[in-house]
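The listed protein sequences correspond, in order, to chains A, B, C and D. With our numbering applied, the first sequence corresponds to residues -10 to 381, in that order. With our numbering applied, the second sequence corresponds to residues 124 to 721, in that order. With our numbering applied, the third sequence corresponds to residues 152 to 315, in that order. With our numbering applied, the fourth sequence corresponds to residues -4 to 173, in that order. Backbone N, C-alpha and C fix where the C-beta goes; we use that ideal spot for every residue, glycine too. Values in this document were obtained by computation on a predicted structure and should not be read as measured data.
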Amino acid sequence: MFNFKPDRTQYPAADADGKLEIDLETGKYLKLWQGPNHPGITGNMSVELTVCGDEVVEGKTHVGYLHRGFEKLMERRTFIQVFPIVCRVCVPEPDFNEYCYAAAVEDLAGIEVPEYATWMRTLILEMGRFNSYMMFLGGIGGALGLGITGQWMTYVRDLMLDRFEELTGARIYHMFILPGGVRGHLPEGFEARMEEVLSTAERYLDDIDKVMFSNSVFKTRTKGVGVIDPKLFEPYGVTGPNARAGGVAKDLRKDSPYLVYDQLDFEVATATDSDIFARATVRRGDVQTSIDLIRQILRKMPKDGPAMARIPNVLHWKIPRGETYIKGECSRGEYGYYLVTDGTGYPRRINVRGPSYTHAMALLEHLIPGTNISDVAALMVSLHTYPPEIER
Amino acid sequence: MGLREVLTPFTVWKHVFDEPVTIKNPIGRPAADRYRGFHQNDMASCIGCGTCEAICQNAAIDMVPVDGIETRTGDSGLRPQIDYGRCCWCALCVDVCMTGSLTMSNEYTWVDTDPDAFRFVPGLEEPWKDDEEGYEREGKRVLSGIERIHMEEMPPETRISNFEEIVDGYSRAEAILEADRCVECGLCVATCPAHMSIPDYIAAVRDQDYDRGLEILYETNPFSEVCGRVCTHKCETSCAALHEGDPIAIRWLKRHIVDEVPFDRRLELIGKPAAPTGRKVAIIGAGPAGLTAAFDLARAGHGVVVFEALSHAGGMMRYGIPEYRLPYEALDRDIGVIEAMGVEIRTNCRVGRDVTMDALRRDYDSVILAIGLNMGRSTRVPGTEGPGVEKAVDLLRRITDGEEVPVPERLVVIGGGNVAMDIARSMARLQMQKYGRVGVTLTALEDIDHFLADREEIVESREEGVQIFDARGPQEVVRDESGAVTGLRTWRVKSIFDADGRFAPAYDEGDEQIHEGTMVIEAIGQMADTSLLEEALTEALEWNRGRIRIDGAFRTSEPWLFAAGDAVKGPDVINAVADGHRVARTVMDELAAREVMQ
Amino acid sequence: MSEMNKAKLSGKTTIREIFETATEFEKVAHRFYTALIPNVSKDIRWLVEELAEEELEHVDLFTKLAKDPAVEAVMVAEIARPVADGKFSDCVQTPDLGPNPDDQAVLQYALMRESAAMDQYTELAESTPVGPLKDAFVFLANEETKHKAELEKIYYEVVHSGGV
Amino acid sequence: MEMRHLHALLKQRHSLGQLEPKGGKLAFVTVPRENLRGLLTELRDVHGFTHLVLLTAVDWMEDGLFQLTYMLNNRGRDMTLGIRVMLDRQEAQGDSIHDLWPTAATYQRELKEMFGIDFPGSPRIDEEFILEGWTDLPPYRRDFDSLAYSQQTYAERPGRVTHDPREYMKSKLYPDGV
């Protein structure tokens, strides 16, 4: 095997403040832009790399390619009109936005959600998490040249989208979790069709284990690469699988149970090495947890009951002055909505707290120096970031 | 890392002979049953309320006229047109739809080179307009309240022994909840004869701004306290909320606003009349039409004198409507505001007896005739002449005046309108006070579904023990040898209302009944007492099928004389109010025109 | 009921006789309503005017028929005297509605007349041989039926539901 | 309960306002700007609020104030504290806490760009974050009218016209108002 040992003397010196002295005129350095076109599944963001040979000495993240001013748009919409917008903050796992927003409104408006709806919401969130992981598992392989995982996982994701379609009426932006509850009940025979998807998924995941996790190439390129020192978790706001891969068994589903998670049996997947491989295995474990949870929820959830609480007439729904923060464990870590109301029919402020905000900016910039150019994509994917959360 | 990890990945070569999972031709792949595809709209049940437009966060919906769809009561005639360049397929429009007419198909594949093709009115000609599949909301609408907030009423056993007001009125909390249900589509405004700004004053209730609410009421109705209690509330029959639930309690919300504003504050809010113009207008009849006109004219600075034959102002509002529906103090407050505008009401002054039409014509710039329909009709079936047969309007008037009226243990009322209910329920109360029980039978030509009375009147009458026999035609007041009334003989009515809502009663002589009672009260049609006009003026005026002919602006054929209210149009308080405004406007225009001429 | 009318209660009659009674019936009615017009208050004159106009149309119809040779040919034919004839013939006598009748009194009288005429023409139409006269009677029977229903509606609207 | 104890403990020292609990695990409290750093440091180092969940601003334009919200979380005890600092909207300057949480620099950079709130000393505070070449008002301020902006910037596709049902019915059924 090749063992590349970079010549550290070529590295730029740092001044007293730790600022690098990089002079492009010397010809020792090159600026290389990774992105903003979609390199893998990292979404439309770019990293401005400064490289020296194939070693990256500095990386600056650039976002804004997907900025639509969601938070501002929401301030101009009534509480019900915000509902169709929120899901658009995150394509792969939109449901968290729907849940957090709905729960925040319910909290400030004093609405009690019917039991059926809380089970349904949990189901939807786990289905969404499953899909998000399908994109991750496909993407992490893709970032390392393992194209087949992307194809398989896209197929499995599509099967789950079929279930989303029949349950919610849409494949990507489900718009199913409404403030007050959910829009409907399970269709006839849903459980059986879901089971078919889950067992198909398990078969494919088994293949993923063989082709990816047991693959020496994959292991070589991910083990010991992109290590996040667990000491950085707090300063950099690292949550979710990224932290769990470093031995921090924190999962809001356990630590701060919401919806019906306190009525479900599950274990939180963890790993210790805090490298790309560890982060991938944690997610592989999480997929299985989601599959088990979906089965469990379908078994345990009430067969019937109201899907919606009584809510005020949405056309002139005013919510008293107040503020709240609603959070949950999404596939990438802590997802939250900070909602401030001022007594009018419009939100005063909505702030979306997506895990990518910290993972893809400060943390990524911290991790990049010293990596090989060819590992940057895998590193980015391993952090499992979705740029729209950054630039809401 | 060993050999195993090099070889394991190759095990997935087993898939090499698998069938591909891709779909060859995705165009035409049917979407799920719940899929939110292109919209569908059932044109016949859509009422064009525009709630879909109001909720659309993308501003993708316009309300547009559609060929072949007429504007009519409870239907604006508009239909939603959707711009699919903006639609985000959230289906809030479907969820909020008041009638459930708007749904979605599961059609989502459509290719067209013309972008404008993707902006159309669903429900006209798109191929999927009748498809079964596609998103429909589960059950009834949940985005606005379905059920009316319950109105507390005195229970029948309590209310039957007195004339106290039955309806409690909403508390603030209840009113806010009821007002919350309104979607502000405004379909009701066209139905209200006075075109009251209903959504606006309901919004004032929601905002708890009763001053604003009261000002809005007074823009169109100086009898809001009266109408808040006894209006026939036709507005509620065109309310969008009735399609999947109860219509908004528009009438009770109106009452609630007035209830919440103290009388002195009311006077403050209405303010002072304009500077005097020096013009004088005489109004004959202090009913709702006359007094509304008086209010408008006085507010504009004209001198107004209202001539009233009876001892109190109010007309049928006082002498026709019983106290348990409309307490006299409520009426007095409405009239009080009108008098505060400087209107002089001369009661006990009958035109034709105490003052002549000629004198009015001479002494005033204009005269408005608003005499109402105060004479009761008789069926004139055999036996109606003589003692023991009364007319409802006369009895009601005497009860209001505090006169002693004969109260038999059993009596029969003829008629199925509100006056019949009023007299039946009033007599029932008097019977309760005198005998401790109710003995009222009510017969009407109409079948119960075609009663002219309000539904709640029928329900409440029955609750109070009034026995109702519908589709019975009176044939004879039965008397014994001494001539005393013993009952009413009726035949069953076999005909029905025609498509135009007209009715030619025909009888089944084989189905005869005698309804026992020692008094028969006729509560059928009413007519105007136009004798005050005297012969010369009656001859000079033009008439229209029994009523003084007026034009659209309430002018009679005599340039100095105007007419309004039940005597020329009818049939209820709110129509009289609307007439009052209109005739006042005309009179003011005429006065202004004369000003210019001079 | 007059003696002459009583005599007519049974037996056969000629078409000419029927025809003449009917013509007289319409003429009398027309004269009656026309004479009534100035005697009623102006506010209900519309009603009497409408009634007079209707009757005049029927008189015109009979006048036209009398000139029709086909009708002339069947004038001598004998037919069964209608049962309703008595009531009908009574109506040739006009009642005294008093000096200043109101709308309800006029309507009640008109209703009674229409009712008799409807019965009479219906029977006549059944017993008259096929031809222009039968057509006329069928037409009149229909007319009177419609007219009666219309009057009943007006009566309901004016007397029973007006102002309620 | 725990939240109340904590509040009682810190109230005097950091001049905290009233505690506003939202259920048992979330509460909000206002602190004067000069007490912020001391409070955050103590919360982080002594009371286990090691996780900076978010930092954002709320524009109370009518009151002439910006509210900065520092959401801190104690993961072990599942407690979240929303700490509010009210800033004069005219001055619009906060104190950087990037040395307490490096990731705060990102939040502060965004606040500078979107609200125009400055955090002197925060790394790359003046670098463009999301917007490029923006010269207008900071867009997340309440006085920036995003609808007007979009109407000026983008053209509507022509041909749209709508009718208010109430007015339309008036025009059809009672055009002269009666």
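Range covered by the beta strand (DSSP E) that runs through D/H0:
Premise fails: D/H0 lies in the alpha helix (DSSP H), -3 to 9, not in any beta strand (DSSP E).
Go ahead and label B/M720 buried or exposed: buried means 16 or more other beta carbons lie within 10 angstroms of its beta carbon, across all protein chains shown.
It counts as exposed.
Along the region 186 to 202 of chain A, where does the CB come closer than 7 Å to a CB of chain B? Name the residues.
If the cut-off is 7 Å between Cβ atoms, the region 186 to 202 of chain A has D196, K199, V200 near chain B.
Could you spell out where the alpha helix (DSSP H) holding B/T281 opens and where it closes?
Counting along the chain, the alpha helix (DSSP H) containing B/T281 begins and ends at 279 to 282.
Should B/G437 and B/G688 be called a contact, given that it needs their Cβ atoms to be closer than 8 Å?
One thing to note: B/G437 has its Cβ no nearer than 8 Å to the Cβ of B/G688.
My output table needs one value for B/G200: the three-state DSSP class, helix, strand or coil.
Coil.
Starting from D/M66, follow its DSSP beta bridges and name the residues at the other end.
In DSSP, D/M66 forms a bridge with D/L49, D/G77.
Go through the region 190 to 261 of chain B residue by residue and report every complete run of the alpha helix (DSSP H) that reaches 4 residues or more, in order.
Here the runs fully enclosed are 215 to 219.
Since B/F430 contacts B/M464 with CB under 8 Å, what's their CB separation in whole angstroms?
That pair is no contact at about 17 Å.
If we require 3 or more residues per run, which beta strand (DSSP E) segments fall completely within the region 160 to 231 of chain C?
If only uninterrupted beta strand (DSSP E) runs of at least 3 residues are considered, those enclosed by the region 160 to 231 of chain C are 163 to 165, 229 to 231.
Exposed or buried, C/S161, counting other C-beta atoms within 10 Å across all chains shown (16 or more means buried)?
Caution is warranted here: a pLDDT of 45 is assigned to C/S161, below 50, making its placement in the model unreliable, and no coordinate value can be reported.
Do we get a CB-CB distance below 8 Å when we pair A/R381 with the residues of chain B?
Answer no: the Cβ-Cβ gap between A/R381 and chain B never drops below 8 Å.
Just the Cα atoms here: how many angstroms apart are A/D43 and A/P358?
Straight across, the Cα-Cα distance linking A/D43 with A/P358 is about 11 Å.
What residue range is occupied by the uninterrupted beta strand (DSSP E) comprising B/V561?
For B/V561, no beta strand (DSSP E) segment is defined, and its DSSP state is neither H nor E.
Quick one: is A/M(-10) buried, meaning 16 or more other Cβ sit within 10 Å of its Cβ, or exposed?
Any reading at A/M(-10) needs caution, since the residue's pLDDT is 44, under 50, leaving its predicted position unreliable; the model's value is listed next. By the C-beta density criterion, A/M(-10) is exposed, having fewer than 16 other C-beta atoms within 10 angstroms.
Please report the residue range of the beta strand (DSSP E) in which B/S738 lies.
What the structure shows of chain B is the stretch from 124 to 721, and residue 738 of chain B is not part of that stretch, so it cannot be assessed.
Could you tell me whether the Cβ of B/L310 comes closer than 8 Å to any Cβ of chain D?
Yes - at least one Cβ of chain D is within 8 Å of the one on B/L310.
Going by beta-carbon coordinates alone, are B/D303 and A/P168 separated by less than 8 Å?
The answer is no: Cβ separation not under 8 Å.
Residues in the same chain with beta-carbon distance under 8 Å from D/F110, minus the five sequence neighbours each way, listed in chain order, please.
The residues A52, D54, F61, A87, P133, Y135, R136, in chain order, have a CB closer than 8 Å to that of D/F110 in the same chain once the five nearest residues on each side in sequence are set aside.
Count Cβ pairs between the region 219 to 231 of chain C and the region 273 to 280 of chain C that sit closer than 8 Å; are there 3 or more?
A contact exists between the region 219 to 231 of chain C and the region 273 to 280 of chain C.
From the beta carbon of B/I272, is the nearest beta carbon of chain C less than 8 Å away?
Not closer than 8 Å to any Cβ of chain C, the Cβ of B/I272 fails to qualify, so no.
If I measure Cβ to Cβ from B/D323 and keep anything under 8 Å in the same chain, skipping five residues before and after, which residues do I get?
I339, listed in sequence order.
Under 6 Å Cβ to Cβ from C/D253, same chain only, skipping five residues before and after it: list those, please.
Closer than 6 Å at Cβ, skipping near neighbours: no residue.
With a threshold of 8 Å between beta carbons, is B/T613 in contact with chain C?
So no, B/T613 is outside the interface.
So, for B/E256: in the same chain, excluding its five sequence neighbours on each side, which residues have a beta-carbon less than 7 Å away from its beta-carbon?
Sequence-distant partners of B/E256 (beyond 5 residues in either direction) whose C-beta falls short of 7 Å from its own C-beta, in its chain, are D156, S228, N229.
Assign A/E10 to buried or exposed, taking buried as 16 or more other Cβ atoms, counted over all protein chains shown, within 10 Å of its Cβ.
The residue is exposed, with fewer than 16 neighbouring Cβ atoms inside 10 Å.
Can you have a look at C/K193 and say buried or exposed, based on whether 16 or more other CB atoms are within 10 angstroms of its CB?
C/K193 is buried by the Cβ-count criterion.
With a threshold of 8 Å between beta carbons, is A/G226 in contact with chain D?
Using a Cβ-Cβ cut-off of 8 Å, A/G226 counts as an interface residue toward chain D, since at least one Cβ of chain D sits closer than that to its own.
With three or more beta-carbon pairs closer than 8 Å as the criterion, would you say the region 543 to 557 of chain B touches the region 276 to 293 of chain B?
Taking a cut-off of 8 Å for Cβ pairs, the region 543 to 557 of chain B and the region 276 to 293 of chain B touch, as three or more such pairs fall below it.
Could you tell me the distance, in whole angstroms, from the CA atom of D/T64 to the CA atom of A/I315?
Each residue's alpha carbon lies about 14 Å from the other.
For the candidate residues B/R441, B/R402, B/G408, whose alpha-carbon lies nearest to that of B/R422?
The candidate whose alpha carbon is nearest that of B/R422 is B/R402.
Give a yes or no on whether the minimum CB-CB distance between B/L365 and chain D is below 8 Å.
So no, B/L365 is outside the interface.
List the residues of chain B that C/H311 touches, going by C-beta distances under 7 Å, in chain order.
Those are L568, I647, G648, listed as they occur along chain B.
Taking 8 Å as the CB-CB cut-off, is A/H56 touching chain D?
Taking 8 Å as the threshold, the shortest C-beta distance from A/H56 to chain D falls below it.
Given a cut-off of 8 Å, decide if B/A453 and B/V723 are closer than it, judged by their beta-carbon atoms.
With chain B running from 124 to 721 in the structure shown, residue 723 of chain B is simply not present.
Could you name the residues of the region 286 to 311 of chain C whose beta carbon sits closer than 7 Å to any beta carbon of chain B, in the order they occur along the chain?
Here the close residues are A300, E303, K304, Y307, V309, V310, H311.
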